[in-house]
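Asker:
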Amino acid sequence: MTDTGMTGCGERNPPQDETAMRALVLDRLGEISPDADPEQIDPAVSFRDQMDFDSVDLLNLILGLERALDVKVPEADYPRLSSLDGCTRYLLALIRMPDGPTRRSA
Amino acid sequence: MPPTDSDAERAAAWAAARQDLDGLPGGGLNIAHEALDRHVRAGAGARIALHCVAADAPPETLTYGELTTRAARFAAVLDRLGVGRGEVVCSLLGRSPALFTVALGTVRAGAVFCPLFQVFGPDPIRTRVNRAEASVVVTTRALYERKLAALLADTPSVRFVLIAEDTTDAVADAGAVRVLALDCALGQASPDRPVTATRPEDPALLFFTSGTTGAPKGALHVHEAAVGQHATARAVLGLAAGERYWCTADPGWVTGTVYGIFAPLLAGATIIADREEFDAQRWATLLAAERIAVWYTAPTALRLLMRAEAGGGLTWPDALADLRVAASVGEPLGAAGVAWGRDRLGVAIRETWWQTETGAIMIHHPGDAAVPDGAMGRPIGGIQATVLAVGEDNRPVGGAAVGETGMLALKLPWPSLFRTYIGDEARYRACFHDGWYLTGDLARCDEAGVFWFIGRADDAIKSAGHLIGPFEVESCLLDHPAVGEVCVVGRPDPLIGLAVEAHIVVQAGYHADGELRRALLALARRRLGPAVAPRRIVFASALPKTGSGKILRRAVASSIRERADGPAGLPPR
Chain A
1376 MTDTGMTGCG ERNPPQDETA MRALVLDRLG EISPDADPEQ IDPAVSFRDQ MDFDSVDLLN
1436 LILGLERALD VKVPEADYPR LSSLDGCTRY LLALIRMPDG PTRRSA
Chain B
124 MPPTDSDAER AAAWAAARQD LDGLPGGGLN IAHEALDRHV RAGAGARIAL HCVAADAPPE
184 TLTYGELTTR AARFAAVLDR LGVGRGEVVC SLLGRSPALF TVALGTVRAG AVFCPLFQVF
244 GPDPIRTRVN RAEASVVVTT RALYERKLAA LLADTPSVRF VLIAEDTTDA VADAGAVRVL
304 ALDCALGQAS PDRPVTATRP EDPALLFFTS GTTGAPKGAL HVHEAAVGQH ATARAVLGLA
364 AGERYWCTAD PGWVTGTVYG IFAPLLAGAT IIADREEFDA QRWATLLAAE RIAVWYTAPT
424 ALRLLMRAEA GGGLTWPDAL ADLRVAASVG EPLGAAGVAW GRDRLGVAIR ETWWQTETGA
484 IMIHHPGDAA VPDGAMGRPI GGIQATVLAV GEDNRPVGGA AVGETGMLAL KLPWPSLFRT
544 YIGDEARYRA CFHDGWYLTG DLARCDEAGV FWFIGRADDA IKSAGHLIGP FEVESCLLDH
604 PAVGEVCVVG RPDPLIGLAV EAHIVVQAGY HADGELRRAL LALARRRLGP AVAPRRIVFA
664 SALPKTGSGK ILRRAVASSI RERADGPAGL PPR
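Protein chains in written order, with my numbering: chain A, 1376 to 1481; chain B, 124 to 696.
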């Protein structure tokens, strides 16, 4: 038996406020880059500029957030998710879209 | 197979290539002289050598004349510090004018330039600095404070750290190590310091690479390598004087230094260097905005571009009218990637194959219909390649039949071949057999003499174009008390080729849970950095072993390939 640590997808109740969304982003970040201390992260600075975080890490983070929220983030918007503030703001706006976000599972 | 050139014909080809360079009086040769002074003397001092762009700072431009002066100043700085010929100068720098100054100035002074990867963690940095017995490390203040300062107690050979791009001159020394501001030292140094009269066989460049076992190997190259670097820059990449050229490789790896710094300057080209990391839209825009004529990049980056495009996240400029040559290195791009390039970039992406040890491109796809898409291609002029049948121990047992997979081997000698693995003569000698260099890569050769890449013969992991030694990763993980056994393998990944994956049997008394996984990932990333650390940890109840108890790495790797549960680095969408 192997345990690969893939976590479940599609939160039934996605975070609705900034605090909860930030916590979710930090949780996903912890799965990819647990070497980063959440307390030390400057939310306004890109992950890349304050810790060892490469292109593949960023892609994995976005894919992890897509799974967790059951949303689809258009590739064109990836640069907007490069920091903690960017992720939080973008994802809150996405799930609050009037017609609902595009579902990853759709 | 078609007939190949004789030894005499190949020797004549390299002798002719050598004539394209100046040389120094009395038979000397210095790469930095050939890359800079030669052009300045020929009247090209005002030509742009380096145009360095950044996301939120104005571009910096240096002419061949200006870069020559900077390199001379850096050589003079080494003189003043008492750093002599043959001593090693490491860089821990990104693409920046300082990097070029240090690389060229070091070689100009007859010292040895050794690039390190910025996203290495402390362990790989310490191992390499110590194996190189480096005297000097040049880095930025941020990297110094984050990574280097804490290591200096364990790197006894290091006498000086130079801090680049920092205007403050008050930098505290660290124990016996003097810490100095690079710009300040350059400002006080003579711009007229002449080129050291190195011989063609004097050491010039040191690059670290990885194998299955043991510490990283430091492949040492000599000034004669300039002959191969120059010839391939012209013949394979099609570089010529003033050609606008962009190499996307990080200077911490061999491509980013040989084809990011030296080869294009040897050809007199204009280098466009981007300080930033990969960003799909930025790259597409840069190709047009900087009027790139020759582009040398990697399959991982091309696949990320394809992915971004397929997801609608990429707006291409109207035309890439200036792009003449696109080439790729690191791992096979594959026929689909080549086809994408033809369609999107308007040029066939030329695949190239070479290694740290070969010092320059050895086999390439010329980008024409004579060679099928997806093939490695044919050897360059002056190089003879073959495929050897190998036994269980990967040692040659004879020639392989046409179409049969075996060890890719290259006929000795050629100018840019490495001259030793520093401190490991036995491993160096093991690379040769009966007049051939054994590449450690598996390939086959078809009836038309076209080579096809198969994979590594050893267990080194090619991830995002970089060779990662499983031993280095396993050693780090074994330092965690919860790890009983570990086997690190490459897991097939659609974007990065292979993703580093650690299979771990947990010691009794520890729980194989998410908390432990995060702790192990954190340990590995902190010490090794993200480029080397596993992307994924898999807990197992046991690992397959031989009768004598040795872990069967091949069996772990093949069990991954057999499981159809998708890639690790990037889960399927």
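We put the CB at the ideal spot given by N, CA and C, even for glycine. The structure presented is a predicted model; accordingly, all values stated were derived computationally and were not measured.
Quick check on B/Q241: buried or exposed, where buried means 16 or more other Cβ atoms within 10 Å of its Cβ?
Answerer: In the second sequence, residue 241 of chain B corresponds to position 118, counting from 1. Buried: at least 16 other Cβ atoms inside 10 Å.
Asker: Does the count of Cβ pairs from the segment 207–216 of chain B and the segment 251–258 of chain B closer than 8 Å reach three?
Answerer: yes
Asker: With distances taken Cα to Cα, identify the nearest neighbour of B/D128 among B/I171, B/P317, B/L535.
Answerer: Residue 128 of chain B sits at position 5 when you count from the first residue of the second sequence. Ranking B/I171, B/P317, B/L535 by Cα distance to B/D128 puts B/L535 first.
Asker: Residues of the segment 237–255 of chain B in Cβ contact with chain A at a cutoff of 8 Å, in chain order, please.
Answerer: Within the segment 237–255 of chain B, contact with chain A at the beta-carbon level (separation under 8 Å) is assigned to V242, G244.
Asker: Anything in chain A within Cβ reach of B/P653, meaning under 7 Å, just list it in chain order.
Answerer: Along the second sequence, one-based indexing puts residue 653 of chain B at 530. Under the 7 Å cutoff, chain A gives D1427, F1428, D1429, D1432.
Asker: On the DSSP bridge list, what partners appear for B/I591?
Answerer: Here residue 591 of chain B refers to the residue found at position 468 of the second sequence. Answer by DSSP bridge pairing, in chain order: B/I584.
Asker: Is B/S619 close to chain A? Criterion is C-beta to C-beta, closer than 7 Å.
Answerer: For the purposes of this step, residue 619 of chain B is identified with residue 496 of the second sequence, where counting begins at 1. The question names Ser, yet the displayed sequence has Ile at residue 619 of chain B. Answer yes: the Cβ-Cβ gap between B/I619 and chain A drops below 7 Å somewhere.
Asker: Only counting the same chain, and skipping five residues up and downstream in sequence, which positions put a Cβ closer than 6 Å to that of B/G497?
Answerer: Counting from 1 along the second sequence, the entry for residue 497 of chain B is found at position 374. Excluding positions up to five away in sequence, the list reads G457, A458.
Asker: Nearest-angstrom Cα distance between A/L1436 and B/G436?
Answerer: Here residue 1436 of chain A refers to the residue found at position 61 when the first sequence is read from its first residue. Here residue 436 of chain B refers to the residue found at position 313 when the second sequence is read from its first residue. The straight-line gap from Cα to Cα measures roughly 17 Å.
Asker: Just how far apart, CA to CA, sit B/T378 and B/E480?
Answerer: Numbered from its first residue, the second sequence carries residue 378 of chain B at position 255. Numbered from its first residue, the second sequence carries residue 480 of chain B at position 357. Computed Cα separation, rounded: 12 Å.
Asker: When DSSP builds the beta bridges, which residues end up paired with B/T263?
Answerer: The count along the second sequence starts at 1 and reaches residue 263 of chain B at position 140. In DSSP, B/T263 forms a bridge with B/A287.
Asker: In three-state DSSP terms, what is B/I171?
Answerer: To locate residue 171 of chain B, count along the second sequence from 1; it is residue 48. In this structure, B/I171 counts as strand in the three-state DSSP scheme.
Asker: How should A/M1472 be labelled, buried or exposed, when 16 other C-beta atoms within 10 angstroms of its C-beta is the threshold for buried?
Answerer: On the first sequence, position 97 is the one that residue 1472 of chain A refers to. The residue is exposed, with fewer than 16 neighbouring Cβ atoms inside 10 Å.
Asker: Using C-beta distances below 6 Å, list every residue in its chain close to B/G652, excluding the 5 sequence neighbours before and after it, in chain order.
Answerer: Counting from one through the second sequence, the residue named residue 652 of chain B turns up at place 529. Counting only Cβ-Cβ distances below 6 Å, and skipping sequence neighbours, we find V242, F243, G244.
Asker: Touch check for the segment 595–608 of chain B and the segment 533–552 of chain B: three-plus C-beta pairs under 8 Å?
Answerer: no
Asker: To the nearest angstrom, how far is the alpha carbon of B/A234 from that of B/T321?
Answerer: Here residue 234 of chain B is taken as the residue at index 111 of the second sequence, counted from 1. Here residue 321 of chain B is taken as the residue at index 198 of the second sequence, counted from 1. Approximately 10 Å between the Cα atoms of the pair.
Asker: According to DSSP, what are the bridge partners of B/F236?
Answerer: One-based indexing of the second sequence puts residue 236 of chain B at position 113. For B/F236, which the question treats as bridged, DSSP gives the partners B/V212, B/L328.
Asker: Let me confirm a value: B/G89 is counted as buried when at least 16 other C-beta atoms fall within 10 Å, else exposed. Which label applies?
Answerer: This structure cannot speak to residue 89 of chain B, because chain B is shown only from 124 to 696.
Asker: Touching or not, the segment 1452–1463 of chain A and the segment 438–455 of chain B, by the rule of three or more beta carbon pairs under 8 Å?
Answerer: Verdict: no, contact absent.
Asker: Using a Cβ-Cβ cut-off of 7 Å (strictly less than) and excluding sequence neighbours within five positions of B/D160, which residues of its own chain qualify?
Answerer: The residue labelled residue 160 of chain B in the question sits at position 37 within the second sequence. Cβ within range, chain order: T191, V318.
Asker: Do the CB positions of A/R1403 and A/D1445 come within less than 7 Å of each other?
Answerer: Counting from 1 along the first sequence, the entry for residue 1403 of chain A is found at position 28. Counting from 1 along the first sequence, the entry for residue 1445 of chain A is found at position 70. Result no, Cβ atoms of A/R1403 and A/D1445 do not sit closer than 7 Å.
Asker: Under 8 Å Cβ-Cβ, which residues of chain A neighbour B/F401?
Answerer: Residue 401 of chain B sits at position 278 when you count from the first residue of the second sequence. Result: S1430.
Asker: Distance, Cα to Cα, B/T562 vs B/W476?
Answerer: As a position in the second sequence, residue 562 of chain B is number 439, starting the count at 1. As a position in the second sequence, residue 476 of chain B is number 353, starting the count at 1. B/T562 and B/W476: Cα-Cα distance of roughly 11 Å.
Asker: Cutting at 6 Å between CB atoms, please list the residues of its own chain near B/E229, excluding the five before and the five after it.
Answerer: Residue mapping note: residue 229 of chain B aligns to position 106 of the second sequence, counting from 1. The sequence given here has Thr at residue 229 of chain B, not Glu. Counting only residues of its own chain and dropping the five nearest sequence neighbours on each side, B/T229 has a CB closer than 6 Å to the CB of V212, F236.
Asker: Name, please, each residue of chain A whose Cβ falls closer than 7 Å to the Cβ of B/L644.
Answerer: Position 521 of the second sequence, counted from the first residue, corresponds to residue 644 of chain B. P1409, listed in chain order.
Asker: Per the contact definition of three or more C-beta pairs closer than 8 Å, is the segment 525–542 of chain B in contact with the segment 587–600 of chain B?
Answerer: no
Asker: Any contact between the segment 299–312 of chain B and the segment 448–467 of chain B? By contact I mean 3 or more CB pairs, one from each, below 8 Å.
Answerer: no
Asker: Can you name the start and end residues of the alpha helix (DSSP H) that B/A512 belongs to?
Answerer: What you label residue 512 of chain B is simply residue 389 of the second sequence in a count that begins at 1. Not the alpha helix (DSSP H): B/A512 falls in the beta strand (DSSP E), residues 508–513.
Asker: Is there a C-beta anywhere in chain A that falls below 7 Å from the one on B/A421?
Answerer: Numbered from 1 along the second sequence, position 298 holds the residue referred to as residue 421 of chain B. Cβ-Cβ to chain A under 7 Å: no for B/A421.
Asker: So, does the CB of A/E1450 fall closer than 7 Å to a CB anywhere in chain B?
Answerer: On the first sequence, position 75 is the one that residue 1450 of chain A refers to. Answer yes: the Cβ-Cβ gap between A/E1450 and chain B drops below 7 Å somewhere.
Asker: Under three-state DSSP, which class holds B/P690?
Answerer: Along the second sequence, one-based indexing puts residue 690 of chain B at 567. Caution applies to B/P690, whose pLDDT of 38 falls short of 50 and renders its modelled position unreliable; the value that the coordinates give is listed next. B/P690: coil per DSSP, three-state reduction.
Asker: Counting only beta-carbon atoms, is B/A431 nearer than 7 Å to chain A?
Answerer: As a first step, residue 431 of chain B must be located in the second sequence, where it is residue number 308. Yes, contact with chain A.
Asker: Can you pull the chain B neighbours of A/P1418, defined as C-beta to C-beta under 7 Å?
Answerer: Here residue 1418 of chain A refers to the residue found at position 43 when the first sequence is read from its first residue. Under the 7 Å cutoff, chain B gives no residues; its nearest Cβ is about 19 Å from A/P1418.
Asker: Would you say B/R648 lies against chain A (beta-carbon separation less than 7 Å)?
Answerer: As a position in the second sequence, residue 648 of chain B is number 525, starting the count at 1. By this cut-off, B/R648 is an interface position.
Asker: Could you pull out every residue in the same chain whose Cβ sits closer than 6 Å to the Cβ of B/A680, ignoring the five residues on either side in sequence?
Answerer: Counted from its first residue, the second sequence places residue 680 of chain B at position 557. V612.
Asker: Candidates A/G1439, A/F1428, A/K1447: which alpha carbon is nearest A/L1469's?
Answerer: For the purposes of this step, residue 1469 of chain A is taken as residue 94 along the first sequence, with counting starting at 1. Ranking A/G1439, A/F1428, A/K1447 by Cα distance to A/L1469 puts A/K1447 first.
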